[in-house]
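Down below is the structure, laid out as structure tokens.
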Amino acid sequence: MRNKEWSVFRKTTAVILTATLVLISAGCGKGGNAAESNLSNEEGSGSDPSGIPGGGKWVDSDVVFTVRSEDNIRFQDDFAAAANKDYIESAVLDPAYEESSIFLDANKLMYERYMEIASDEAMTGDNAEKYKALVKLHSDWDERNKLGVKPLEKYISDIQSISSISELTQYQGSTTRNPFGLGLLIPEAVSTQIQFPDKSTLKLQAPKLSLGSVSSYLEYTSNTLASKEKTDDVAFYFFGRLGFSEKEIKAILKGNYRIETFIARNSNIDNFNVGEMFSQAQTDRKGLNALQGNYPLSQILDSRGYLECDSFYVDYSYLKSLYKIYTEKNLEDIKSFLMMQTIDSVKYLLDRESYEKMVRLYMSGGANYEGISDGQNSVLFRNDIKICGYLPLLDTLYLEKYYTDDKKTAQINEFTNALINAYAQILDEEEWMSEETRTAAGGKLQNMAVHLIRPDNIADYSAADIKSYEEGGNLVDAAAEGRRVLETHMAVKSADPNWDRFKWDIYDVSRTTTEVNCVYYSNENGIYIMAGYLAMCDASFGEDASLEQFAGIVGTTIGHEITHGFDSNGTKFDLYGRQFDDNKNSIDWMTAQDRSKMDEKASKLAGYFSLARPIPGQQKVNGNAVKDEAIADMGGVKSVLYAVREMPDFDYDEFFRAFARQYAEQTTEENELDTMKSDMHPLPFHRINIVLQQFDEFIETYDIKSGDGMYLSPEKRVNVW
Numbered sequence: 022m023r024n025k026e027w028s029v030f031r032k033t034t035a036v037i038l039t040a041t042l043v044l045i046s047a048g049c050g051k052g053g054n055a056a057e058s059n060l061s062n063e064e065g066s067g068s069d070p071s072g073i074p075g076g077g078k079w080v081d082s083d084v085v086f087t088v089r090s091e092d093n094i095r096f097q098d099d100f101a102a103a104a105n106k107d108y109i110e111s112a113v114l115d116p117a118y119e120e121s122s123i124f125l126d127a128n129k130l131m132y133e134r135y136m137e138i139a140s141d142e143a144m145t146g147d148n149a150e151k152y153k154a155l156v157k158l159h160s161d162w163d164e165r166n167k168l169g170v171k172p173l174e175k176y177i178s179d180i181q182s183i184s185s186i187s188e189l190t191q192y193q194g195s196t197t198r199n200p201f202g203l204g205l206l207i208p209e210a211v212s213t214q215i216q217f218p219d220k221s222t223l224k225l226q227a228p229k230l231s232l233g234s235v236s237s238y239l240e241y242t243s244n245t246l247a248s249k250e251k252t253d254d255v256a257f258y259f260f261g262r263l264g265f266s267e268k269e270i271k272a273i274l275k276g277n278y279r280i281e282t283f284i285a286r287n288s289n290i291d292n293f294n295v296g297e298m299f300s301q302a303q304t305d306r307k308g309l310n311a312l313q314g315n316y317p318l319s320q321i322l323d324s325r326g327y328l329e330c331d332s333f334y335v336d337y338s339y340l341k342s343l344y345k346i347y348t349e350k351n352l353e354d355i356k357s358f359l360m361m362q363t364i365d366s367v368k369y370l371l372d373r374e375s376y377e378k379m380v381r382l383y384m385s386g387g388a389n390y391e392g393i394s395d396g397q398n399s400v401l402f403r404n405d406i407k408i409c410g411y412l413p414l415l416d417t418l419y420l421e422k423y424y425t426d427d428k429k430t431a432q433i434n435e436f437t438n439a440l441i442n443a444y445a446q447i448l449d450e451e452e453w454m455s456e457e458t459r460t461a462a463g464g465k466l467q468n469m470a471v472h473l474i475r476p477d478n479i480a481d482y483s484a485a486d487i488k489s490y491e492e493g494g495n496l497v498d499a500a501a502e503g504r505r506v507l508e509t510h511m512a513v514k515s516a517d518p519n520w521d522r523f524k525w526d527i528y529d530v531s532r533t534t535t536e537v538n539c540v541y542y543s544n545e546n547g548i549y550i551m552a553g554y555l556a557m558c559d560a561s562f563g564e565d566a567s568l569e570q571f572a573g574i575v576g577t578t579i580g581h582e583i584t585h586g587f588d589s590n591g592t593k594f595d596l597y598g599r600q601f602d603d604n605k606n607s608i609d610w611m612t613a614q615d616r617s618k619m620d621e622k623a624s625k626l627a628g629y630f631s632l633a634r635p636i637p638g639q640q641k642v643n644g645n646a647v648k649d650e651a652i653a654d655m656g657g658v659k660s661v662l663y664a665v666r667e668m669p670d671f672d673y674d675e676f677f678r679a680f681a682r683q684y685a686e687q688t689t690e691e692n693e694l695d696t697m698k699s700d701m702h703p704l705p706f707h708r709i710n711i712v713l714q715q716f717d718e719f720i721e722t723y724d725i726k727s728g729d730g731m732y733l734s735p736e737k738r739v740n741v742w
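Residue numbers (my numbering): 22 to 742.
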């Protein structure tokens with residue numbers, strides 16, 4: 022970012038912060054021209070087109086061939102189509118994803134950087150050498166092809182050799198024999214307790230099921246049958262290549278499904294009430310021992326390093342049932358289940374033939390394209406590194422290379438502080454809130470845990486022994502080493518009874534800073550701004566983006582995540598991230614009257630989105646499904662506008678164009694319809710047009726008048742904050 026503009030921002034921010042502190046102390050078409058209507062005759066007949074988003078002047082510019090080079094599109098009528106027309110005209114769809122987007126561009130850029138780290142001779146030290154060795158194992162397809170599926174063989178053979186339940190217990194407890202943490206109940210993560218946000222707990226989970234959801238084992242549907250066909254295909258493929266007979270493979274599958282059916286029928290954690298979550302699912306070691314009966318869970322956990330852990334969150338009803346199946350009679354079935362779990366753990370780490378087959382079966386876009394597209398390659402690399410257990414290593418090295426000093430982080434911190442203080446002004450000016458609710462909202466804002474770019478620790482993979490192909494190594498064994506490092510850290514972490522939501526653990530792979538994403542966690546009241554998300558700005562404008570461009574992409578996203586603390590769901594959690602008080606009652610820091618007012622505002626927003634039919638003749642938008650993300654989008658823009666409103670010479674045109682550019686996308690009509698059905702976010706062009714038409718600054722910047730497609734009169738605007 023240009024330093025000159027940042028110096029201006031600092032001066033202006035000081036004024037904003039001072040004013041804010043005073044306030045806080047006081048209290049808180051397809052194919053048609055963009056100007057043509059995309060309404061059906063039914064919608065246009067006898068209705069006021071201004072009541073429908075765009076008044077009939079918008080097209081779904083996300084869809085290919087909707088915007089044409091000869092179309093003369095006015096910013097005042099369809100900003101998304103006009104602002105991104107250059108991107109739309111030059112877009113080349115990834116053949117697998119059938120999509121072109123800034124998000125995909127950012128992932129490609131991140132992949133290029135991952136490869137730069139691997140080839141950078143200036144990067145030395147144990148971590149760098151381990152990563153370079155890992156990348157060599159991953160990228161050498163000649164060697165991977167020579168080995169075929171042989172690296173899988175020793176792990177399968179070890180399970181086959183188990184001859185008793187007692188030996189099975191030893192196997193489950195051994196990180197040497199069982200590095201991928203396979204079993205009937207496995208450690209998932211160390212996290213905060215539901216009741217006490219300053220206390221930690223080890224979450225234990227039932228293993229992933231090959232048919233997907235629990236319901237697939239309770240009610241057979243077409244989806245169940247499709248999943249079973251896929252699972253059977255994978256089993257016959259890998260076991261067949263390992264030399265198993267058809268009869269043996271069928272027996273393995275039969276045993277696997279028996280165990281999975283038992284797991285599905287006895288799992289109940291998603292249905293627990295508050296009392297069960299507080300007093301039964303959450304337990305200590307004594308309680309765990311009482312629940313396990315004859316299933317040796319404590320022995321298994323202790324053998325894996327969790328001897329000092331005394332806090333567990335577990336599906337207690339499932340745990341109590343495990344003794345029924347953990348018998349000599351069921352040994353072969355459990356072994357079959359573990360062999361299937363082993364294949365699932367390493368199916369992407371073998372040769373090219375199996376890799377492409379697994380991508381076709383399981384990965385988004387896999388069925389659309391023979392081979393691996395560039396877009397897929399960038400996404401799959403991170404997936405493979407995650408499977409191998411080395412994302413913390415990648416995060417550490419990425420920050421070491423691309424964040425050589427604290428300058429970028431300091432800029433992000435400065436901008437975030439300005440947004441938080443601007444948000445305090447927004448809350449203070451909301452006339453519909455009572456003083457009681459306003460004070461509570463301000464308290465939640467000021468207690469938000471803010472995690473920016475850098476986790477609080479550095480990964481150490483010195484314990485990982487990665488052997489080259491020349492030394493007899495392979496990618497599966499390297500993955501075993503990486504997974505052991507991760508579990509060792511989790512075991513050590515589980516011994517600490519305290520939880521600090523202000524700390525960011527680099528080993529927490531659910532919060533990896535190289536991901537192109539930002540997140541708000543309601544149960545922590547915390548935001549995570551990832552280094553990877555800054556690649557969105559770099560992919561759009563290069564590394565020398567202006568303040569306005571940075572604010573349009575990264576700034577609005579930071580504000581978006583802050584706003585999630587104040588959307589329909591986020592407002593049900595308090596300043597510590599608690600949803601229930603000590604008496605097991607739902608926490609609501611809003612007065613009943615204020616809650617009713619907010620629900621009314623959110624309902625109005627949802628209703629406005631629900632009027633939209635992006636593609637003529639197809640379904641309308643489900644406003645209730647996208648409302649919280651829309652609330653966050655609008656809050657993100659508003660917080661930036663507040664933060665810069667006293668800034669001289671701020672280029673609003675550049676800012677709004679940048680905001681639009683982050684959502685630039687081209688995709689197929691089929692993909693767009695699938696997004697409408699499954700995604701909680703509004704469609705990209707709606708995230709531009711509907712969001713921006715809520716703000717006077719946008720209306721004034723482009724001199725938008727009544728009758729223009731982008732105009733929305735103040736009384737019809739739907740922003741909640």
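For glycine and all other residues, C-beta sits at the position ideal for the given N, C-alpha and C. None of the values given here were measured: they were computed from a predicted structure.
Spatial distance of residue 379 from residue 118 (CA atoms):
What you label residue 379 is simply residue 358 of the sequence shown in a count that begins at 1. What you label residue 118 is simply residue 97 of the sequence shown in a count that begins at 1. Residue 379 and residue 118: Cα-Cα distance of roughly 16 Å.
Which one or two residues does DSSP pair with residue 472 in a beta bridge?
Translated into the one-based positions of the sequence shown, residue 472 becomes position 451. Per DSSP, 549.
Opposite residue 519 in the DSSP bridges: which residues?
The sequence position of residue 519 within the sequence shown is 498, counting from 1. 220, per the DSSP bridge assignment.
Are the region 670-679 and the region 586-606 touching by the rule of at least three beta carbon pairs closer than 8 Å?
no
Three-state secondary structure (DSSP) at residue 116?
Along the sequence shown, read from residue 1 onward, the residue named residue 116 stands at position 95. Coil, per DSSP.
Every unbroken alpha helix (DSSP H) within the region 604-672, with a cutoff of 4 residues, ordered by chain
613-631, 644-665
Quick check on the burial criterion: 16 or more other C-beta atoms within 10 angstroms. Buried or exposed for residue 47?
Taking the sequence shown and counting its residues from 1, one reaches residue 47 at position 26. The pLDDT assigned to residue 47 is 31, lower than 50, so where the model puts this residue is not dependable, and the model offers no usable value.
What is the rounded straight-line gap between the Cα of residue 730 and the Cα of residue 79?
The residue you call residue 730 lines up with position 709 of the sequence shown. The residue you call residue 79 lines up with position 58 of the sequence shown. For residue 730 and residue 79, the distance between alpha carbons rounds to 7 Å.
So residue 115 and residue 706 are supposed to be a Cβ contact under 8 Å. How far apart are they, rounded?
Here residue 115 refers to the residue found at position 94 when the sequence shown is read from its first residue. Here residue 706 refers to the residue found at position 685 when the sequence shown is read from its first residue. Their Cβ separation, rounded to whole angstroms, is 19 Å, which puts residue 115 and residue 706 out of contact at 8 Å.
Does the separation of the CB atoms of residue 622 and residue 631 fall below 8 Å?
Start at 1 with the first residue of the sequence shown, and residue 622 comes out as number 601. Start at 1 with the first residue of the sequence shown, and residue 631 comes out as number 610. In this structure, residue 631 does not lie closer than 8 Å to residue 622 by Cβ.
Please list, in chain order, all residues of the same chain as residue 494 whose beta carbon is under 7 Å from its beta carbon, the five residues on each side excluded.
Translated into positions along the sequence shown, residue 494 becomes position 473. Around residue 494: 158, 487, 488.
Is it buried or exposed, residue 300, if we count other Cβ atoms within 10 angstroms and call 16 or more buried?
Within the sequence shown, residue 300 is the residue found at index 279, counting from 1. Label assigned to residue 300: exposed.
Between which two residues does the beta strand (DSSP E) containing residue 211 stretch?
Against the sequence shown, residue 211 aligns to sequence position 190. Looking at the DSSP string, the run of the beta strand (DSSP E) that includes residue 211 is 207-213.
According to DSSP, residue 601 sits in a beta bridge with which residue or residues?
For this step, residue 601 is matched to residue 580 along the sequence shown. Residue 601 is bridged to 607.
Buried or exposed by the 16-neighbour rule on C-beta atoms within 10 Å, applied to residue 712:
Indexing the sequence shown from 1 puts residue 712 at position 691. Residue 712 comes out buried.
Identify, in the order they occur along the chain, each residue of the same chain with its Cβ nearer than 6 Å to the Cβ of residue 737, setting aside the five sequence neighbours on each side.
Looking up residue 737 in the sequence shown gives position 716. If we look at residue 737 and ignore the five residues flanking it on each side, it has no Cβ neighbours.
Closest by CA to residue 728, which one among 88, 97, 92, 93?
One-based indexing of the sequence shown puts residue 728 at position 707. Minimum Cα distance to residue 728 is reached at 97.
If you run the structure through DSSP and keep just helix, strand and coil, what is residue 686?
Within the sequence shown, the letter at position 665 stands for residue 686. The answer is strand: DSSP assigns residue 686 an E or B state.
Work out the CA separation of residue 109 and residue 686 for me, nearest whole Å.
For this step, residue 686 is matched to residue 665 along the sequence shown. For this step, residue 109 is matched to residue 88 along the sequence shown. Near 7 Å, if we compare the C-alpha coordinates of residue 109 and residue 686.
In angstroms, rounded to a whole number, what distance separates the CA positions of residue 270 and residue 154?
Locating residue 270 in the sequence shown gives position 249, where the first residue counts as 1. Locating residue 154 in the sequence shown gives position 133, where the first residue counts as 1. Computed Cα separation, rounded: 35 Å.
Can you grab the Cα-Cα spacing for the pair residue 742 / residue 524, in whole Å?
Stepping through the sequence shown from its first residue, residue 742 is reached at position 721. Stepping through the sequence shown from its first residue, residue 524 is reached at position 503. Distance between the alpha carbons of residue 742 and residue 524: 29 Å.
Counting C-beta neighbours from all protein chains within 10 Å, is the total for residue 201 16 or more, i.e. buried, or is it exposed?
Within the sequence shown, residue 201 is the residue found at index 180, counting from 1. With 16 or more Cβ atoms within 10 Å of its Cβ, residue 201 is classed as buried.
Length-filtered (4 minimum) alpha helix (DSSP H) runs lying within the region 266-295
267-287
Can you tell me the Cα-Cα spacing of residue 528 and residue 418, whole angstroms?
Walking along the sequence shown from the start, residue 528 turns up at place 507. Walking along the sequence shown from the start, residue 418 turns up at place 397. Looking at the two C-alpha atoms, the distance is approximately 13 Å.
Residue 638 to residue 694, Cα distance in whole Å?
Position 617 of the sequence shown holds residue 638. Position 673 of the sequence shown holds residue 694. If you take the alpha carbons of residue 638 and residue 694, they lie about 12 Å apart.
Under DSSP, the alpha helix (DSSP H) around residue 156 begins and ends at which residues?
One-based indexing of the sequence shown puts residue 156 at position 135. Counting along the chain, the alpha helix (DSSP H) containing residue 156 begins and ends at 147-160.
Can you say whether residue 589 is buried or exposed, counting buried as having 16 or more other CB atoms within 10 angstroms of its CB?
Here the question's residue 589 lines up with position 568 in the sequence shown. So residue 589 counts as buried.
Would you say residue 334 and residue 311 are within 8 Å of each other, going by their C-beta atoms?
The residue given as residue 334 occupies position 313 in the sequence shown. The residue given as residue 311 occupies position 290 in the sequence shown. No, the pair does not count as a contact, with Cβ atoms beyond the cut-off.
Check whether residue 172 and residue 497 have beta carbons under 8 Å apart:
Here residue 172 is taken as the residue at index 151 of the sequence shown, counted from 1. Here residue 497 is taken as the residue at index 476 of the sequence shown, counted from 1. The answer is yes: Cβ separation under 8 Å.
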